[in-house]
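Asks: My questions will all concern the structure given below.
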Amino acid sequence: MSLTQEVKRRATELGFCAVGVTGAERFSLAEAAAVNRTQEGLMDGLSWWSEARAHASADPRRATPDARSVIALAFPHAIFPSPSDEPQFPFPARGGGPGPPAHASRASVRSERLRRSGGGPQGRIAAYALGRDYHEVLLERMQPLVAMLRERGHVAKTYVDHGWMLDRAAAARAGLGWLGKNTNLLIPGVGSYVLLAEIVTSAELEPDQPLKKTCGSCDACMRVCPTGALVEPGVLDNRRCISFWTIEHRGVIPLDIRPLIGDWIFGCDLCQEICPVNAKPASPDTPALEAFGPMIEARPRLEQLLALDDDAFRARFRNSAVWRTRRSGLLRNVCIALGNIADRDSVAALSIALNDGEPLVRGHAAWALGRLGGTAARAHLELALRRETDAWVRDECAQALQSCGPLVVPSRV
């Protein structure tokens, strides 16, 4: 058995659902595309991204001069979204853009059912974030492969997505799958619910060939995106992406984006859920499930999340990717989701958030109360406006009061 075959066999035993090999040459085409999109502003808002990083990430030999091969790996999520999951609000139609998903018409029915059951509104978390932090999982799973290569006298360096590597370019050139119109790597028989990693090594391994598949005429992902973030096939405008706003962005979410976020509180899977390649995704096997450990809820109760203080947030999400948002970012997102679901039973929870120590939370809670409207929401907003000292939060309260409409005073008979 060749070393290449040994690596692939061992990777499969470790729970990786796809493995391939490519040479350590630059990813020149992907490099040019990344630089162009950076210059066009499509990557704006990502403080950690730059043209310099695009150039450096395209060169596997940058940190490993002796590199000869790149081992591309895909590991399955511990949980896939359920096809029965439905949003609790109808997606707003975009001007000139595609309409809402087919399931949106059932949203009000589901919302009413939840309300009557006493469960309360729920948010949605992207599937990749439901288990233990995937950076730790992937690094642990790669270690036996790294050890095997080093025992043979080879250099081996690992990369997960916080490392400087063009992950999807490496995976595509190594033949794992093809890059879809939703920008995700689509793996035949597996789908796109995977996490990518690489090992750059001095070992001369046998390279695989890229797949010659495409999405053909399918553009379902482009049509389902509420914000129109997929501006061209395979091209994402970061400034419109729900995942960017709910994960990467640290500040105020623009008014025109908030209604489009729906009930997502961390990330978004819409362009994956609708992809036909994911119609029957391969279920994770035991190694994958064991690797991710205890799961967080895919559909957490939003009002419960609003009650989290710093210690409770840390205890619940410290070992999860959700930790990236910090408490203020998550509660900001929760307020937006509650505003979009618009269940007036949430006024009490939002009124507490209106007194949060973080202005970011208070301002978005005000917006949500304006969306809910009604006498109780108006009363809380008026009180907040009288005592609020932060200028931006005051503006949010004032705008929310306008959204509530005029105060209706019952006439005396």
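Quick note on this note's numbering: the sequence shown kicks off at 41 and runs consecutively. Glycine residues also receive a C-beta, built at the ideal position from the N, C-alpha and C atoms.
1. Using CA atoms only, rank isn't needed, just tell me which of Q312, L345 and R402 is closest to C255.
2. With C-beta atoms as the reference, is I227 less than 8 angstroms away from C261?
3. Per DSSP, which residues does L109 bridge with? Please list them.
4. Could you check what DSSP says for V195 in three-state terms: helix, strand or coil?
5. So what's W88 in DSSP terms, helix, strand or just coil?
6. Smallest Cα separation from G60: which of S87, A214 and P100?
7. Do you know how far the Cα of R298 is from the Cα of A424?
8. From the DSSP output, in three-state form, read off L43 for me.
9. Please report the straight-line C-alpha distance between G445 and L371, rounded to a whole angstrom.
10. Does DSSP put L394 in a helix, a strand or coil?
11. Could you tell me whether the stretch 358 to 365 touches the stretch 386 to 393, using the rule of 3 or more Cβ pairs below 8 angstroms?
12. I'd like to confirm the pairing. Which residues does DSSP put opposite I165 in its beta bridges?
13. How many Å lie between A438 and T429 at the Cα?
14. Return the residue from the list P273, A212 and G229 that minimises the CA-CA distance to P247.
15. What does a CB cutoff of less than 8 angstroms around H44 pick up in its chain, not counting 5 residues either side in sequence?
16. For P273, collect the residues of the same chain with a Cβ closer than 8 angstroms to its Cβ; drop the 5 residues on either side in sequence, then sort them by chain order.
17. My output table needs one value for I297: the three-state DSSP class, helix, strand or coil.
18. Which residues does DSSP pair with E272 in a beta bridge?
19. If you reduce the DSSP assignment to three classes, tell me which class S443 lands in.
20. Taking the straight line between their C-alpha atoms, what separation do you get for G414 and F357?
21. How about N380 and G302: do their beta carbons lie closer than 8 angstroms?
22. In this structure, does DSSP put F115 in helix, strand or coil?
23. At what residues does the alpha helix (DSSP H) containing E343 begin and finish?
24. List in chain order: all unbroken alpha helix (DSSP H) runs of 4+ residues lying wholly within the stretch 206 to 264.
25. DSSP on R366, reduced to helix/strand/coil?
26. Could you name the residues of the same chain whose beta carbon sits closer than 7 angstroms to that of R367, not counting the 5 residues immediately before and after it, in chain order?
27. Shortest alpha-carbon distance to L179 belongs to which of N224, R102 and E238?
28. To which residues of the same chain is A440 closer than 7 angstroms at the C-beta, ignoring the five residues directly before and after it?
29. Have a look at P105, T78 and A243 and flag the residue whose alpha-carbon is nearest the alpha-carbon of Q276.
30. So what does DSSP say about R102, is it helix, strand or coil?
31. If you draw a straight line from the C-alpha of A338 to the C-alpha of K320, how long is it?
32. When we look at the beta-carbon of A92 and count the other beta-carbons within 10 Å, is it buried (16 or more) or exposed?
33. If you count every other CB in all the chains shown that lies within 10 Å of the CB of R280, and 16 or more means buried, which is it?
34. Should the stretch 197 to 208 be regarded as contacting the stretch 78 to 87, the criterion being three or more beta carbon pairs within less than 8 angstroms?
35. Just the Cα atoms here: how many angstroms apart are R181 and D201?
36. Tell me whether R339 sits in a helix, a strand or coil according to DSSP, three-state version.
Replies: Looking at the coordinates:
1. Within the sequence shown, the letter at position 215 stands for residue 255. Among Q312, L345 and R402, the Cα nearest to that of C255 belongs to Q312.
2. For the purposes of this step, residue 227 is taken as residue 187 along the sequence shown, with counting starting at 1. For the purposes of this step, residue 261 is taken as residue 221 along the sequence shown, with counting starting at 1. Going by C-beta atoms, I227 is not nearer than 8 angstroms to C261.
3. The sequence position of residue 109 within the sequence shown is 69, counting from 1. Sequence check: residue 109 is Ser here, not Leu. G63 and T241, per the DSSP bridge assignment.
4. Working through the sequence shown from its first residue, we reach residue 195 at position 155. Three-state DSSP puts V195 in coil, outside helix and strand.
5. Sequence index remark: in the sequence shown, residue 88 carries index 48 (1-based). Note: W88 maps to coil in three-state DSSP.
6. In the sequence shown, the residue the question calls residue 60 occupies position 20. Of the candidates S87, A214 and P100, the one whose C-alpha sits nearest the C-alpha of G60 is A214.
7. For the purposes of this step, residue 424 is taken as residue 384 along the sequence shown, with counting starting at 1. For the purposes of this step, residue 298 is taken as residue 258 along the sequence shown, with counting starting at 1. The alpha-carbon atoms of A424 and R298 are separated by roughly 21 angstroms.
8. Locating residue 43 in the sequence shown gives position 3, where the first residue counts as 1. In the structure shown, L43 sits in a helix (DSSP, three-state: H, G or I).
9. As a position in the sequence shown, residue 445 is number 405, starting the count at 1. As a position in the sequence shown, residue 371 is number 331, starting the count at 1. If I take the Cα positions, the gap works out to 26 angstroms.
10. Here residue 394 refers to the residue found at position 354 when the sequence shown is read from its first residue. L394 falls in the coil class under three-state DSSP.
11. no
12. Here residue 165 corresponds to residue number 125 of the sequence shown, with the count starting at 1. Answer is F306, bridged to I165.
13. The residue given as residue 438 occupies position 398 in the sequence shown. The residue given as residue 429 occupies position 389 in the sequence shown. Cα to Cα, the separation comes out at about 13 angstroms.
14. As a working mapping, residue 247 is identified with position 207 in the sequence shown. Nearest of P273, A212 and G229 to P247, Cα basis: A212.
15. If you number the sequence shown from 1, residue 44 lands on position 4. In the sequence on display, residue 44 carries Thr and not His. Within the same chain, T44 has close Cβ partners V61, L245 and E246.
16. Residue mapping note: residue 273 aligns to position 233 of the sequence shown, counting from 1. Result list for P273: K221, C255, D259 and M262, in chain order.
17. For the purposes of this step, residue 297 is taken as the residue at position 257 of the sequence shown. Coil.
18. For the purposes of this step, residue 272 is identified with residue 232 of the sequence shown, where counting begins at 1. Note: E272 sits in a beta bridge opposite V275.
19. Position 403 of the sequence shown, counting from 1, holds the residue named residue 443. The answer is helix: DSSP assigns S443 an H, G or I state.
20. The residue given as residue 414 occupies position 374 in the sequence shown. The residue given as residue 357 occupies position 317 in the sequence shown. The straight-line gap from Cα to Cα measures roughly 34 angstroms.
21. If you number the sequence shown from 1, residue 380 lands on position 340. If you number the sequence shown from 1, residue 302 lands on position 262. Contact: yes.
22. Numbered from 1 along the sequence shown, position 75 holds the residue referred to as residue 115. In the structure shown, F115 sits in a strand (DSSP, three-state: E or B).
23. Looking up residue 343 in the sequence shown gives position 303. Residues L342 to L346.
24. 207 to 213 and 260 to 264
25. Working through the sequence shown from its first residue, we reach residue 366 at position 326. In the structure shown, R366 sits in a helix (DSSP, three-state: H, G or I).
26. As a position in the sequence shown, residue 367 is number 327, starting the count at 1. Within the same chain, R367 has close Cβ partners L348, D350 and F353.
27. Numbered from its first residue, the sequence shown carries residue 179 at position 139. Comparing Cα-Cα distances from L179 to each of N224, R102 and E238, the minimum goes to E238.
28. On the sequence shown, position 400 is the one that residue 440 refers to. Within the same chain, A440 has close Cβ partners A406, W407, L409, G410 and L421.
29. Here residue 276 refers to the residue found at position 236 of the sequence shown. The identity of residue 276 in the sequence shown is Leu, whereas the question assumes Gln. Of P105, T78 and A243, the residue nearest in Cα terms is T78.
30. Position 62 of the sequence shown holds residue 102. If DSSP states are grouped into helix, strand and coil, R102 belongs with coil.
31. Indexing the sequence shown from 1 puts residue 338 at position 298. Indexing the sequence shown from 1 puts residue 320 at position 280. Computed Cα separation, rounded: 19 angstroms.
32. The residue labelled residue 92 in the question sits at position 52 within the sequence shown. Flag for A92 reads exposed.
33. Numbered from its first residue, the sequence shown carries residue 280 at position 240. Its Cβ being crowded by 16 or more others within 10 Å, R280 is buried.
34. no
35. For the purposes of this step, residue 181 is taken as residue 141 along the sequence shown, with counting starting at 1. For the purposes of this step, residue 201 is taken as residue 161 along the sequence shown, with counting starting at 1. Answer to the nearest angstrom: the Cα atoms are 15 angstroms apart.
36. Here residue 339 refers to the residue found at position 299 of the sequence shown. Looking at R339 - three-state DSSP - the assignment turns out to be coil, as it is neither helix nor strand.
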